[in-house]
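Here's the structure, in structure tokens; my notes come after.
In the working numbering, the protein residues as written are 27 to 153.
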């Protein structure tokens, strides 16, 4: 459908952060933070690199708990943002559906997510 002459179209600014929506969740949890701020949570790891985190899910192959959720941390280079590597956990939870396990991992406190990242960095020497 063609826009009417003179009608203003909304301007989209890619890469700009939207104002937080504090009604969207508890920003002290991973899922709540992502809902409130509309972006992944980010941390500085004990190695001095910046990491962003996502909740990922996959099938487990187990009929009693066919879905699992885990954390995937992207490591960013210093200076110009460029992906330099990643760290990931094993399944943190398993359950009946993608939505259930994603919700369970999303309920993790941000301090626990940060501690998980630091533990991965300390115990795994390769990206």
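Don't be surprised by glycine CBs; every beta carbon is placed ideally from N, CA and C.
Of 113, 129, 119 and 131, the smallest CA-CA separation from residue 73 is found for 113. Only residues of its own chain outside the window of five on either side were considered, and among them 59 and 62 have a CB closer than 6 Å to the CB of residue 53, listed in chain order. Residue 123 places its beta carbon less than 8 Å from that of residue 93. Assigned with DSSP and collapsed to three states, residue 130 falls in helix.
Given a length threshold of 3 residues, each whole run of the beta strand (DSSP E) inside the segment 53 to 118 is given here in chain order: 67 to 70, 76 to 85, 93 to 102 and 109 to 114. Rounded to whole angstroms, the Cβ separation of residue 88 and residue 127 is 12 Å, and the two are not in contact under 8 Å.
Beta-bridge partners of residue 145 (DSSP): none assigned.
Annotation for residue 134: 55 and 56 place their beta carbon closer than 7 Å to its own, counting only its chain and skipping 5 residues before and after.
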